[in-house]
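Worksheet: the structure to be examined is printed underneath.
2 protein chains.
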Amino acid sequence: MTPTHSPRLLDRAQCLEADQGDPLRELAARFALPSGVIYLDGNSLGALPRHVPERVERAVREQWGTGLIRSWNDAGWIDAPRRAGASIARLIGARADEVIVADSTSINLYKLLSAALALRPDRRVILTESGNFPTDLYIAQGLLEQIDRGHRLVRTGRDRILKALDDQVAVLMLTQVDYRTGERFDLAEITAAAHRVGALVIWDLAHSAGAFQVDLGLAQADFAVGCGYKYLNGGPGAPAFAFVARDHHDGLRQPLTGWLGHAAPFAFEPDYQPASGVGRLLCGTPPVLSLTALEAALEVFDDAEAFGGLAALEAKAACLTDLFIERFEACCGESGLRLITPRDASKRGNQISLAADDPAQGYALMQALIDAGVIGDFRAPDILRFGFAPLYLSRVDVWDAVETLARLIETRAWDDPRWQRRKAVT
Amino acid sequence: MTPTHSPRLLDRAQCLEADQGDPLRELAARFALPSGVIYLDGNSLGALPRHVPERVERAVREQWGTGLIRSWNDAGWIDAPRRAGASIARLIGARADEVIVADSTSINLYKLLSAALALRPDRRVILTESGNFPTDLYIAQGLLEQIDRGHRLVRTGRDRILKALDDQVAVLMLTQVDYRTGERFDLAEITAAAHRVGALVIWDLAHSAGAFQVDLGLAQADFAVGCGYKYLNGGPGAPAFAFVARDHHDGLRQPLTGWLGHAAPFAFEPDYQPASGVGRLLCGTPPVLSLTALEAALEVFDDAEAFGGLAALEAKAACLTDLFIERFEACCGESGLRLITPRDASKRGNQISLAADDPAQGYALMQALIDAGVIGDFRAPDILRFGFAPLYLSRVDVWDAVETLARLIETRAWDDPRWQRRKAVT
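Residue numbers (my numbering), protein chains in the order written: chain F, 1 to 426; chain Z, 1 to 426.
Below you can see the structure in the form of structure tokens.
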């Protein structure tokens, strides 16, 4: 089976030429990447947009240092969660008032899972995929243990989700892109199937938002959460987002009822009254410096509009990942590595994963790659994972990355004891 | 009744002289405060330590921009919650492994309240003070509504807490310093009383940590939460901290079971297994830029050790607040303002609050004060609140602040329509 999208590039010069003809290359100039590095880990931590340091510095020196407490109003800190939410809404097919930035993905998932169960009081099943990202599973476990009302977390294989949907399912909780294999669920199809049995759906868009086109509105999605620090480039541990469809706003009840989710936080009333809409998902005071970086980073996506927006970014990512597969198969024949990501670009995220026949070799190989300036990551037990952020990667980057990979395989880099001991990176 | 601690300062020159003889004045040089401002709101948002911008900039440009994903290990991001927790532990009489930095005060309270109820399964009462900070009340309400097992939140007056303690109380939840009046609970006395009836205690140290001496170990305290952005100067929305006494580590179960609180986050196991000790209070990925600012800001307290540490800071705050009371009573006779903070410095936090007979006048007066460069805050319905951070305030600041207050009262600043309409500041 051949790659699905892209014209074949036969040598490095053709890659260079194609890059030069690519209007999206202008966006790469907005990122500060170190020289000598090919960064294939933007799905773990997005690269630094060049304008962000100055914005953070201003938040520190001017807004905090000089504005002090006045900056909550004067610099607009208090509205930042809603502003950043509205920016993200545009990237995921949501309305501005359906998304808010708050806390972490895990905590937002806890809020929405609790809220969704409350909307289906007669049902007792949270359905999910066995291989969902662990924090999603852990959060569901923690919630169910706490409420202790006979709910069950049912985990099933990826291909059995549709069959497992029935009228006992209160909530279907899925991550759209599998963090290991890169497989992508059809969000609209699965949402519709869940709705047919009366179940709600919570999508984890950690590896989707900013990576490719997502249309929550078209899919009539209920709830979603996602991450600020991967393809949105919001910086390490950037606050996360939560989406709630307008239809669910009025009935929404979530348990982390902190003061900033109150209808009138500064009235200091003794009883909780929820703010309207997604505002009630706020809890405590947001980490303003981290939020400033995220809000600034999102501006890159405004610029991307002029170049075709997420449709163009998705096509570029398909081209990059196609090229990686093609080159991997051409150059890394006897590698002990197997492609585990779908070959059809519409069925994968912006990611390629290779499983290692020998996990220890695979681990060492990734350390050697990182040392050689090709930064991907290793996911236990046996996966070399590469993310392809179309905002800042080029075809030549991909070409060179696979050349390096091939060279390290050729020289059996895993035999070098330097690569066998390093601590795993997130 | 006269102030309790300090020699009387009869004029501005005596204040200047006393300031010059005060070894703590060297610490003030570590803060970047704008000229023309007397900042009496460090209890809402602490001032910016001068070395923090550079540290944040390094985290952005070098650690994020150049180090990228590698910085989780190479720059030590992954251990920052424990490192910052250990720094805070020294300020509150805790052991290094009893404190961790995570999420917000509200979310940490939710975790610990849930954990504490699980440790007292046969009891059904959370006891608190009617006037506790609203987010604490809201969080308890949200938790009890969610678990729905017949618990009650019992709220009582500040002076009736000890009487309300009985063998139905699972948890006593109190904020040590009242955010409106500045009254301070005797932490050790109340903890002992709660323990006598078998109740656990959760202390909210939002206005205590970094403000005066707190000794959780001596008091044999169970749990505490607190804020990174007030007297700890961690920056707007800095992450918060949580304390769990070692005795409770093994049995601790909290519901926000995110991956970073797992015993082996990077093993990606399908089932949650808690990390040891306070590590299990971690949930999602921490906001590294905000956490960097907090961690750096805490270094100021290391320097303060050479000048007598928190004991000296507490004495200085007593001196500043005594002086404020004395000058207020000397200069602001017919003000329509009443002192509602205890005159005994050992019974208050580093705070003075004045209640306005006419709330609208009081509100306008605070806006006029802020405009005149004396920054306090207004707390609904009728309180002018002033915080006295001993790290960066001087006696002359206090003298001048009250002079300004007196002038604005004298000229009936509240009649100026400019001050009657501005939005309330946090």
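The beta carbon of each residue, even a glycine, is placed where N, CA and C say it ideally should be.
Residues in the segment 277 to 293 of chain Z with C-beta within 9 Å of chain F's C-beta atoms, listed in sequence order?
-> CYS283, GLY284, THR285, PRO286, PRO287, VAL288, LEU289, SER290, LEU291, THR292, ALA293
Please classify HIS249/Z: does DSSP put it in a helix, a strand, or coil?
-> Coil at HIS249/Z, not helix or strand.
Cα-Cα, which of LEU291/Z, ILE139/Z, GLN213/Z, ASP322/Z is closest to ILE78/Z?
-> LEU291/Z
Backbone CA spacing between ASP302/F and VAL56/F [nearest angstrom] = 19 Å
On the premise that TYR363/F lies in contact with PHE386/F, defined as a C-beta separation below 8 Å, what is that separation, rounded to the nearest angstrom?
-> The beta-carbon distance between PHE386/F and TYR363/F, rounded to whole angstroms, is 15 Å. This is too long to meet the 8 Å contact definition.
Touch test, the segment 108 to 128 of chain F against the segment 194 to 209 of chain F, Cβ-Cβ under 8 Å, three pairs minimum | yes
Contact between the segment 139 to 155 of chain Z and the segment 178 to 185 of chain Z (3+ Cβ pairs under 8 Å) | no
Please compile the residues from chain F whose C-beta is within a distance smaller than 7 Å of the C-beta of ALA32/Z.
-> Near ALA32/Z (Cβ distances below 7 Å), the residues of chain F are GLY65.
Per DSSP, SER208/F is paired with what?
-> Answer by DSSP bridge pairing: none, since SER208/F is not bridged.
State the beta-bridge partners of SER353/Z as determined by DSSP.
-> ARG385/Z
Identify, in the order they occur along the chain, each residue of the same chain with its Cβ nearer than 6 Å to the Cβ of CYS15/Z, setting aside the five sequence neighbours on each side.
-> The answer, listed in chain order, is LEU9, ARG395, VAL396, TRP399.
When the Cα of ALA306/Z is compared with those of LEU27/Z, GLY237/Z, GLY21/Z, GLY228/Z, which residue comes out closest?
-> LEU27/Z
Pull up the distance between the alpha-carbon of ALA209/F and that of ALA140/F, whole angstroms please.
-> 22 Å
In chain order, what residues of the same chain have a beta carbon less than 6 Å from the beta carbon of ALA335/Z, not counting five sequence neighbours either side?
-> Note on residue identity: the sequence assigns Ser, not Ala, to residue 335/Z. For SER335/Z, where only same-chain residues beyond five positions count, the Cβ hits under 6 Å are ILE409.
Sequence-distant residues of the same chain with beta carbon closer than 8 Å to ARG51/F, five excluded per side | Here the sequence assigns His to residue 51/F, which means Arg is not the residue at that position. Once the five neighbours on either side are set aside, the close Cβ partners of HIS51/F are ARG30, ALA296, GLU299.
When the cut-off is 7 Å and only beta carbons count, does PHE243/F lie next to chain Z?
-> no
PHE31/F (DSSP reduced to helix, strand or coil) = strand
Output yes if chain F places a C-beta closer than 7 Å to the C-beta of MET1/Z; else output no.
-> With a pLDDT of only 37 at MET1/Z, under the threshold of 50, the placement of this residue in the model should not be trusted; the figure read from the coordinates follows. For MET1/Z, the answer is no, since every Cβ of chain F falls outside 7 Å of its Cβ.
Taking 7 Å as the CB-CB cut-off, is PHE268/Z touching chain F?
-> Yes, contact with chain F.
With DSSP run on the structure shown, which of helix, strand or coil describes GLY36/Z?
-> coil
Contacting positions in the segment 73 to 96 of chain F - beta carbon closer than 8 Å to chain Z = ASN73, TRP77, ILE78
Since GLU57/F meets chain A, which of its residues come closer than 9 Å, beta carbon to beta carbon?
-> Going by chain labels, chain A is absent from the structure shown, which instead holds the protein chains F and Z.
Reduced DSSP secondary structure (H/G/I, E/B, other) of GLY142/Z = helix
Any idea what DSSP makes of ASP358/F, helix, strand or coil?
-> coil
Under 7 Å between C-beta atoms of GLY226/Z and LEU256/Z | no
Return the CA-CA distance between VAL214/Z and SER353/Z, expressed in angstroms with no decimal places.
-> 22 Å
Taking Cβ positions, are TYR39/F and ILE375/F nearer each other than 7 Å?
-> yes
With DSSP run on the structure shown, which of helix, strand or coil describes ALA424/Z?
-> Any reading at ALA424/Z must be qualified, since the residue scores a pLDDT of 49, below 50, and its modelled position is unreliable; the value itself is stated next. When DSSP states are grouped into helix, strand and coil, ALA424/Z belongs to the coil group.
Do three or more CB pairs link the segment 270 to 284 of chain F to the segment 89 to 105 of chain F at distances below 8 Å?
-> yes
From ALA89/Z, PHE223/Z, ALA75/Z, residue whose alpha carbon lies closest to that of HIS249/Z = PHE223/Z
Every unbroken alpha helix (DSSP H) within the segment 99 to 128 of chain F, with a cutoff of 4 residues, ordered by chain | 105 to 119
For GLY237/Z, which residues of its own chain have a beta-carbon under 7 Å away from its beta-carbon, when the five flanking residues on both sides are left out?
-> Answer for GLY237/Z: TYR229, SER290, listed in chain order.
Determine the burial state of GLY157/Z: buried for a count of at least 16 other Cβ atoms within 10 Å of its Cβ, exposed for fewer.
-> exposed
Beta-carbon separation of ALA263/Z and GLN254/Z under 7 Å?
-> Cβ distance not < 7 Å, so ALA263/Z and GLN254/Z don't count as in contact.
Secondary structure, alpha helix (DSSP H): runs of 4+ residues fully inside the segment 167 to 225 of chain Z = 187 to 196
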